[in-house]
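Written below as structure tokens is the structure these notes are about.
Residue numbers (this note's numbering): 185 to 389.
Okay, here's the thing in structure tokens:
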């Protein structure tokens, strides 16, 4: 297990160094193999990874990589998690009644204004759309980290289509528009940032 962890750390260190030090990779890996034979592979890999992380802010490709992970882990992953877990727990109040939840408790009779027999049958379709949107955010994050901008564009178009569908669906069926308007604004910001990242990535192509 220790050997697997050490090799994973070594692979991550090589990726963190980027193209600037790509020629160092064979030498580093040879030194790692020697250290592993002596039983010091984990310490050597940890040192290489720490050095790579410390050096990343000092060059453009490193700053790009750090920015990509911050965007993916700090923005896209929380959005996707919130959408998916919102369907698993406290649905549909977590989505339809974001702005009304404080004034309309779940047991309040006024909740029937938003949920009644006529639109309850649409809840499964709403849940599926929301889960697809969450998965779309995860897909954009993954493809961005892989710098596969063609797939990012496909996922972005899919998310835009799902968001537009949600806007029409919730507006007509549930009479609620505020949650979707928030998502539209969030998606616009996210896609604008991703577009900037794609342009920035073009400098290293």
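Idealized CB from N, CA, C, for every residue including glycine. Only a predicted model underlies this, so the values are computations on that prediction, with no experimental measurement involved.
Roughly how far, in whole angstroms, is the beta-carbon of residue i from the beta-carbon of residue j, given that I think they are within contact range, below 8 Å?
i: residue 190; j: residue 231; result: Not really, about 11 Å apart at Cβ, beyond 8 Å.
i: residue 317; j: residue 347; result: 7 Å
i: residue 385; j: residue 248; result: 7 Å
i: residue 254; j: residue 315; result: With 8 Å as the limit, residue 254 and residue 315 do not qualify as a contact, their Cβ atoms being about 25 Å apart.
i: residue 192; j: residue 256; result: With 8 Å as the limit, residue 192 and residue 256 do not qualify as a contact, their Cβ atoms being about 19 Å apart.
i: residue 336; j: residue 378; result: 6 Å
i: residue 244; j: residue 387; result: 7 Å
Check for me: the alpha helix (DSSP H) holding residue i runs from which residue to which?
i: residue 266; result: 261-272
i: residue 320; result: 307-329
i: residue 232; result: 225-239
i: residue 345; result: 333-353
i: residue 383; result: 362-385
i: residue 246; result: 244-255
Whose CA, out of the options, lies closest to the CA of residue i?
i: residue 211; options: 222, 198, 273 and 223; result: 198
i: residue 376; options: 213, 362, 259 and 352; result: 259
i: residue 219; options: 243, 187, 245 and 242; result: 187
i: residue 266; options: 228, 322 and 227; result: 322
i: residue 373; options: 355, 340 and 214; result: 340
Give every residue of the same chain whose Cβ lies closer than 8 Å to the Cβ of residue i, excluding the five residues on either side of it in the sequence, and list them in chain order.
i: residue 319; result: 264 and 268
i: residue 313; result: 346, 349, 350 and 353
i: residue 195; result: none
i: residue 250; result: 240 and 241
Closer than 6 Å by C-beta to residue i: which residues in its own chain qualify, once you throw out the five before and the five after it? Chain order, please.
i: residue 382; result: 333
i: residue 331; result: 385
i: residue 355; result: 361
With a threshold of 7 Å on Cβ separation, who are the neighbours of residue i within its own chain once the five nearest residues in sequence on each side are excluded?
i: residue 252; result: 328, 329 and 381
i: residue 297; result: At residue 297 the pLDDT is 48, less than 50, meaning the model places this residue with poor confidence; the figure from the coordinates comes in the next sentence. Correct list: empty, nothing qualifies.
i: residue 292; result: Its pLDDT being 44, under 50, residue 292 is placed unreliably in this model, and the coordinates cannot settle the point.
Within 8 Å (strictly less), CB to CB, does residue i reach chain C?
i: residue 361; result: No chain C is part of this structure, which consists of one protein chain only.
**Request:** Would you check if the segment 236-245 and the segment 358-375 touch, i.e. whether three or more CB-CB distances between them fall below 8 Å?
**Result:** no
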